[in-house]
Structure formats: C-alpha cells, structure tokens
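The structure appears right after this line, and notes come after that.
In the numbering used here, the protein residues as written are 20 to 875.
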C-alpha cells in the first residue's frame with residue numbers, strides 16, 4: 020500500500036494579502052467578462068438580497084481571520100490523482116465495511132466518482148451524475164414525489180430503498196421521502212468524491228440500504244490554504260449560480276473550511292410533457308401533449324433559490340466539528356397550473372384572480388451538525404465517537420379546488436370550506452408538511468492485531484427522533500402520512516366539516532385522522548459488529564451483523580458472510596447477506612395506532628465479485644448477483660403496510676477502467692433479469708412487473724351496458740426498468756493539461772417491462788368486439804409506432820481550458836446527441852383502470868452551459 024505524505028511548504032513572497040489580491044483579480048475577470056452568459060450570471064448575483072450575498076462573502080473574511088501567514092500544502096489530494104489504478108485499488112478504506120479492507124478485496128461493488136469526474140461532467144444534479152458513471156443506475160420522474168432512483172432492478176415511487184450519507188452520516192428523511200436531501204441540487208462543487216455501494220448495505224449503514232448506498236464526502240478542513248469559487252450558467256433551464264470557499268490553518272493549529280453557494284433556476288416554463296388521459300382524449304402520442312399549461316420543469320419551488328453552507332473544523336487531537344445547511348425544492352411539473360379562487364359573483368359562480376400559477380411543489384431544508392472525537396487507546400485499539408444533530412423541514416403542496424363551492428346560504432361551515440380553498444397556505448392544500456429531528460450518539464471500537472491476521476469492529480447507536488410542525492410554524496400545521504391522515508387535531512382545515520360523509524380535494528373525514536397534537540417521538544437503537552480473519556495472505560473470512568429496533572418496530576437483523584480471496588492480480592469475493600428496511604416513521608405510527616407492529620422489508624442476496632488488474636493502468640471489475648426481495652407497500656384500504664409480492668432477480672455488471680496521466684476512460688454494462696414475480700395473496704396489481712397480474716377493468720359496451728375484462732400477467736420483465744444499461748466516459752488532457760476534453764454517453768436499451776403493460780392490455784381485449792377494444796388496439800399500435808419504451812441514447816460533452824494556473828473556463832453540452840426524443844419517463848404503478856394514464860414522459864431538451872472557476 021502506498022503511503023501518502025503530507026508536506027508543509029512556506030513561500031515568504033506569498034501572503035494572504037497577495038492571495039486576496041489574486042482572488043480580487045480572478046472575480047474581477049469573472050464579473051467583467053462581456054459574454055452574454057456571464058452578464059446573465061452577474062445580473063443574477065446582483066438580484067439577490069444583500070443579506071444573502073453577505074452571508075456567503077463573510078465566509079472569506081472569517082477564514083482570513085483564522086488563517087495564518089504562511090500556506091500549508093496538503094499533498095494527499097494531488098498524490099491520489101497521480102496514483103495508478105493498481106495503487107488506488109490497494110488503498111485500505113472502510114467503504115462498505117466497518118474495518119479497513121483494500122478496495123479490490125471489498126465484499127461490495129463500489130463505484131467512486133472523484134472531484135475530477137464531477138468537474139468535467141455536464142450533469143444538472145447528483146442524480147444525473149450517478150446516471151453518467153455508476154453501472155446500472157438511472158432515474159425516473161414521479162408526478163408528486165420527484166426524482167426516483169433505480170439500480171439493480173429496484174426502483175419505487177419514493178427513494179426509500181437507498182441510503183444517502185454525507186461525511187459518513189445518514190441524512191435520509193425517515194418520515195416519508197427517504198433519500199431526498201442533496202439529490203436535486205445543481206451545485207456539486209462542494210463534493211470531493213461520491214462512493215456508491217451498488218447493492219444492499221444495511222449491515223454496515225443501517226436499515227434502508229436495499230438497493231444501494233450513496234456516500235458523499237465534501238470538502239473538509241485538511242489544513243490546506245485554499246480560497247476559490249466559481250460562477251455558472253446553464254441555458255434552457257436558465258440556471259445560474261455562484262459559490263465561494265476557503266480553508267486554512269490558524270496560528271493555534273485549528274484547521275477550518277467554509278463553503279457557501281446560491282443557485283437559482285427558472286426551469287423550462289413550457290416543458291414538453293406528454294401524458295395519456297384516456298384512449299380518446301389525448302390518448303395517442305400524436306395528440307398526447309398536455310393540452311393545458313403544466314408546471315415548469317425543474318424550476319425552484321416558489322422561486323426560492325437553492326442554498327448550501329458548510330463549516331468544518333479540525334481542532335486536533337481527534338476533535339472535529341462539521342455543520343451543513345442544504346436547501347432545495349422543485350415544482351411538480353406534470354400537473355396543470357392553477358388559478359386562485361377569489362370570490363363569488365351575483366350568480367354564485369366562482370371568480371378567479373390573477374394568472375395561472377404552478378400548482379404543485381416540493382421543498383426540503385436540512386441542517387446537520389456533527390461533533391467527532393477519535394481516541395487512540397493503543398497501537399491496536401481506536402475508539403470513534405460522534406454526536407449528530409439532524410433537523411429537516413419538508414413540505415409538499417398541491418393546490419386544490421372544489422366544483423361544489425357556492426356562495427348560496429353562507430354559514431360558518433360553508434365559509435370554513437371556502438377558506439380552506441382560498442388560503443393557499445392552509446393544510447387543505449398540503450400533501451405533507453412537517454419537521455423531523457434526530458439526535459444520535461454513536462460509538463465504534465476498532466481493533467487490529469499486530470500480525471494483521473484479525474481485525475474487528477463493534478459499535479452502537481442510539482437515536483431520539485421527533486416529528487412536529489414545520490420550522491417557525493404553529494404546532495397545528497403538521498400534516499403527513501400516506502393518506503395525509505396524520506394531523507395535530509380534528510379542527511384543522513384539512514379535516515372536513517362535521518356531518519360530511521364523503522370528501523374531495525385533499526380533505527379527510529374526522530374519523531380517518533391520526534392525531535398527534537404537537538407531534539410524536541420514538542427512539543431507535545442499533546448494535547453492530549464485524550470481524551475479518553486472514554487464514555493466509557491470500558484467503559480471509561469476513562463476518563458482519565447488525566440489528567436495529569425502533570419504538571414501533573421489531574428487531575431487524577442484517578447479517579453478512581464473505582470469503583475474500585486475493586491471488587495477486589486477481590481477487591474473488593463470495594458474499595451472502597440479508598438486508599432490511601424499516602417502513603417510514605409515518606407508516607409505523609399509523610400501524611401502531613391500529614395495534615400492529617410494522618413489518619420490515621427484507622432482501623436476501625448472494626453475490627460473486629471479481630477484479631483483475633491487467634496492468635497498473637488497466638483494471639476489469641465484474642460481479643454477478645441473485646436477489647430475493649419480499650416487497651412491501653402501503654394499502655389505503657388496510658390503512659397499513661402489506662406484502663405486495665416476492666421478486667427474484669439476477670444480474671451482472673462489468674466495468675473496464677483505463678487511466679494514465681493524460682487519459683482516463685471507462686466503459687460499463689449492467690444487466691438485470693426478473694427470474695420470478697409472485698403477487699401476495701389479495702394483491703391484483705403492482706408497479707414491479709406485469710408478469711403476475713390480475714386487474715379487473717369494467718368498460719362500456721356499444722349497447723351502453725357494462726362488461727368486465729381482466730389484465731393478466733405477461734412476460735417476466737421488470738416494469739419501470741431498462742433491462743440493459745451501457746455507459747462510456749472518456750477524459751483527455753492536452754497542452755500540458757491546460758485543455759481538458761470529456762465525453763460521456765449512456766444507453767438505456769429498452770423498457771421491456773413497461774412494454775409488457777401494453778401487451779397485457781391488448782391481450783385483455785383480444786376477444787372483445789366493442790368500440791372500447793378498437794380504441795385500445797389503436798392506442799397500443801400508435802404507442803409502439805412512436806418507439807415509446809425503446810432505446811434511449813444520450814451523449815454529453817465538455818471542454819475545459821486553464822486561462823491561467825488558477826483560473827479555468829469550462830463549457831459543456833448536455834444531450835448534445837440523443838435518440839428517441841430524450842424521453843424521461845414517469846414511474847408507473849401499474850394499470851388499474853380503463854385509461855392508459857400511466858404512460859407519461861418529458862422530452863428533455865439539449866442545453867449548454869459555461870462555468871468560470873478560480874482557486875488559489
């Protein structure tokens with residue numbers, strides 16, 4: 020293993036004063052650039068309120084107070100960049116394990132996205148970035164929940180089956196969304212690297228890591244004296260932003276780093292959204308474009324910009340402190356826009372005011388603070404402790420209306436109902452609105468014997484969870500739950516008037532409510548351990564286990580056993596495990612109120628991984644896996660979590676990577692097959708697959724009488740999933756590394772499982788002679804004629820040029836080349852009625868961008 024040396028260099032002619040002058044010159048260049056895009060960025064910056072700019076720029080002055088007169092150069096990052104692939108694979112890291120194991124011997128498949136990979140990418144956000152580099156990863160859209168990640172055959176309407184970490188801390192939303200923080204932020208400059216564990220990982224990281232783990236490492240306080248920043252602009256989406264950062268070491272030895280960014284995105288005002296409503300009403304793709312204005316695509320929710328602020332400190336002797344604030348939000352773009360009800364005219368007809376406005380949005384804020392202390396007990400024992408405070412604020416609104424509203428016979432109940440509609444901030448419009456706070460204590464003890472034969476780790480975590488009303492709002496403003504039923508009490512406007520027996524427009528009956536007053540709390544406790552024993556230099560055994568329990572759950576068990584074999588340039592790993600997922604906090608609360616203990620979702624897996632180091636610059640990695648998943652879902656009729664079915668899947672991934680000083684390239688391919696899918700008793704449909712299906716459809720015959728058909732199972736393919744995904748990326752440095760060229764492409768070969776839905780519907784009407792059946796057959800033919808669910812190829816390009824040693828100008832094109840209209844499909848929960856409303860997609864446009872970055 021290569022040893023990384025950290026050296027300190029002092030330049031008597033280079034002082035913080037000189038650095039400030041250089042930075043001033045750099046940003047003078049940025050803001051005086053006459054290019055149209057730079058002027059737009061400048062106008063954007065000047066449009067911010069003074070307090071927002073001051074908050075960012077203050078980071079620079081605060082650091083100058085802390086910085087010492089000389090500069091400290093940390094060699095770690097540079098040496099990592101200069102390492103060969105073989106040297107990188109030999110570094111011992113704890114990703115995917117509790118103990119340090121060299122990367123080529125890991126019992127998990129890991130993709131590492133470096134800072135350099137991020138710099139050359141044309142990605143809009145982290146989900147795009149993962150779709151560029153990670154084998155098998157892609158994302159779908161969802162009408163109300165936003166971006167839905169998919170990997171290894173697993174995708175759902177919410178990102179509940181992935182865990183997201185920031186600097187080793189799980190930042191998932193536990194009440195409803197799962198992985199939500201960070202994924203939609205356009206600014207990625209604060210990230211040093213992203214490590215993606217492809218496949219289950221709850222044995223190491225905790226419940227929820229069914230599909231994978233995404234671990235972000237940000238810029239940290241490493242003692243290096245650096246000040247920098249950048250401005251960017253992206254066409255089509257009209258996105259523009261600025262970030263500033265600075266780090267150094269004080270005279271007292273305290274290392275610090277500060278980062279701040281603001282990104283504002285107007286989005287696409289009139290996106291090309293295509294949606295089927297019925298077989299005759301915009302049912303054919305030639306007619307399918309939404310007939311009314313829909314919400315903007317990727318516009319900031321309520322036009323509030325995205326923000327990131329970071330402060331990181333290393334006080335020495337193992338003491339560290341990290342804090343981070345993240346803010347993001349977007350409109351749900353597939354919904355029609357909304358016109359606000361103002362009053363009623365003399366004829367009791369509703370009167371609407373103003374222009375139509377976006378009708379649905381999600382927003383999320385998160386504040387994270389982590390205090391760490393590492394105790395080195397002796398040469399063999401280390402004790403790592405941390406205290407974590409995580410506070411999140413989440414809201415999703417979809418503005419409601421009601422055709423039954425009238426001014427006739429006005430009384431207090433009628434006025435209450437009208438108020439719930441006209442007040443757009445009322446809980447009548449909220450899909451969810453709440454805050455979530457966790458306080459966690461964590462202790463991990465690691466051991467490694469002197470002969471390097473055995474190493475192990477044991478740890479425990481205790482978390483106090485609290486859910487309440489959103490920040491700075493009344494205690495009665497809480498709302499969440501899969502049926503939006505969790506409220507403070509029955510007096511809020513989300514609850515229908517007394518005596519009402521049926522509800523519309525996002526209200527619930529008083530009897531349906533789950534009332535929590537000022538909120539509720541639970542406690543979660545976890546115990547875990549891992550041991551690795553080397554039988555020889557070539558063979559070792561790794562055994563791991565973790566158990567977790569929440570106040571409203573049973574104990575969850577996640578074990579793993581792995582045989583690791585290292586034969587010089589070849590490494591082979593055989594792994595067997597079980598991974599688990601707790602249901603959301605809202606689901607567990609509702610089940611508890613109904614006298615039930617919420618069941619956990621389980622995935623059992625077997626995997627073989629292989630790595631071959633052809634040469635120091637060329638590496639092949641391959642793996643094959645078999646998963647058995649007991650899929651759970653929420654049932655509105657049962658008011659609880661039920662078994663949806665059991666999926667058996669198998670897949671394989673291969674990655675070939677090549678790296679020299681001036682060239683880095685990679686190609687990968689992921690294949691996943693559905694071996695079997697069986698619905699649980701009582702279930703008739705799902706979004707997993709059309710392989711097992713029994714959905715009743717009632718239709719009208721030509722004589723106006725009703726008849727029934729059934730959509731039955733078809734081929735064994737995963738719905739919402741591309742069975743084959745290929746990716747290629749190349750980065751080449753020219754002119755003594757002043758010029759950087761990058762190209763990447765990804766191909767989703769087809770969505771065979773989604774196409775199965777069309778076949779199932781077509782088969783269901785094969786013996787029906789009614790006009791309805793003719794409409795279905797014509798619709799299916801037209802969909803296939805337009806290549807919906809067929810191959811989707813996209814090519815992105817970027818060019819970067821160093822204007823000086825410290826200033827780089829980059830330009831990029833996203834969707835420079837594409838096929839099949841660059842369709843971004845929406846998640847399909849399966850056909851459940853007589854119309855094909857599940858077919859929905861957005862045609863994403865080509866766009867260009869520019870970025871000017873400085874670092875001193």
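Even glycine gets a Cβ: it sits at the ideal position worked out from N, Cα and C. None of the values given here were measured: they were computed from a predicted structure.
Straight-line spacing of the CA atoms in residue 525 and residue 322 works out to 24 Å. A contact is defined here as three or more CB-CB pairs under 8 Å, and the stretch 768 to 777 fails this definition with respect to the stretch 153 to 170. For residue 134, the enclosing alpha helix (DSSP H) covers residues 134 to 139. By the Cβ criterion, the stretch 115 to 131 is in contact with the stretch 212 to 222, since at least three pairs of Cβ atoms, one from each stretch, lie closer than 8 Å. In this structure residue 453 is in contact with residue 497, their Cβ atoms being roughly 5 Å apart against a cut-off of 8 Å.
For residue 690, the pairing in a beta bridge is given by DSSP as 671, 743. Distances from the alpha-carbon of residue 487 to those of 411, 529, 114 put 411 closest.
Rounded to whole angstroms, the Cβ separation of residue 603 and residue 621 is 16 Å, and the two are not in contact under 8 Å.
Nearest to residue 584 by alpha-carbon distance, out of 439, 722, 617, 558, is 558. Between residue 753 and residue 222, the alpha-carbon positions lie close to 44 Å from each other. In the three-state reduction of the DSSP assignment, residue 622 falls in the strand class. By the beta-carbon neighbour count (other beta carbons within 10 angstroms, threshold 16), residue 588 is exposed.
Residue 252 places its beta carbon 8 Å or farther from that of residue 264.
The alpha-carbon separation between residue 478 and residue 760 amounts to approximately 45 Å. Residue 354 and residue 572 have their C-alpha atoms roughly 36 Å apart. The residue among 179, 200, 725 with its C-alpha nearest the C-alpha of residue 188 is 200.
Taking C-alpha positions only, residue 785 is separated from residue 737 by approximately 24 Å. Just measuring C-alpha positions, the residue of 204, 790, 229, 210 sitting nearest residue 178 is 229.
As computed with DSSP, residue 550 is found in a beta bridge with 475, 562. Non-local C-beta neighbours of residue 342 in its own chain, meaning closer than 6 Å and more than five positions away in sequence, comprise 330, 388, ordered along the chain.
Nearest C-alpha to residue 650 among 396, 294, 173, 796: 173. Of the candidates 858, 805, 871, the residue whose Cα lies closest to the Cα of residue 825 is 871. In chain order, 553 place their CB closer than 6 Å to the CB of residue 472, counting only its own chain and leaving out the 5 sequence neighbours on each side. Secondary structure of residue 604 (DSSP, three-state): helix.
Spatial neighbours of residue 685 in its own chain (CB-CB distance under 6 Å, excluding positions within 5 residues in sequence) are listed in chain order as 676, 748. Residue environment analysis places residue 800 among the exposed positions, since fewer than 16 neighbouring C-beta atoms fall within 10 angstroms of its C-beta.
Counting along the chain, residue 772 sits inside the alpha helix (DSSP H) bounded by residues 771 to 783.
Contact between residue 568 and residue 543 holds: their C-beta atoms lie close to 7 Å from each other, under 8 Å. Residue pairing by DSSP places residue 457 opposite 409, 484 in a beta bridge.
A direct Cα-Cα distance of roughly 6 Å separates residue 456 from residue 409.
Counting C-beta pairs closer than 8 Å gives three or more between the stretch 800 to 819 and the stretch 838 to 850, which meets the contact rule.
Here residue 661 carries a strand assignment [DSSP, helix/strand/coil]. Counting along the chain, no beta strand (DSSP E) covers residue 399, and no H or E run does either. By the Cβ rule, the stretch 137 to 153 does not count as touching the stretch 492 to 510, because fewer than three pairs are nearer than 8 Å. In this model, residue 653 and residue 722 are separated by some 38 Å (Cα to Cα). By the CB criterion at 8 Å, residue 161 and residue 413 fall outside the cutoff.
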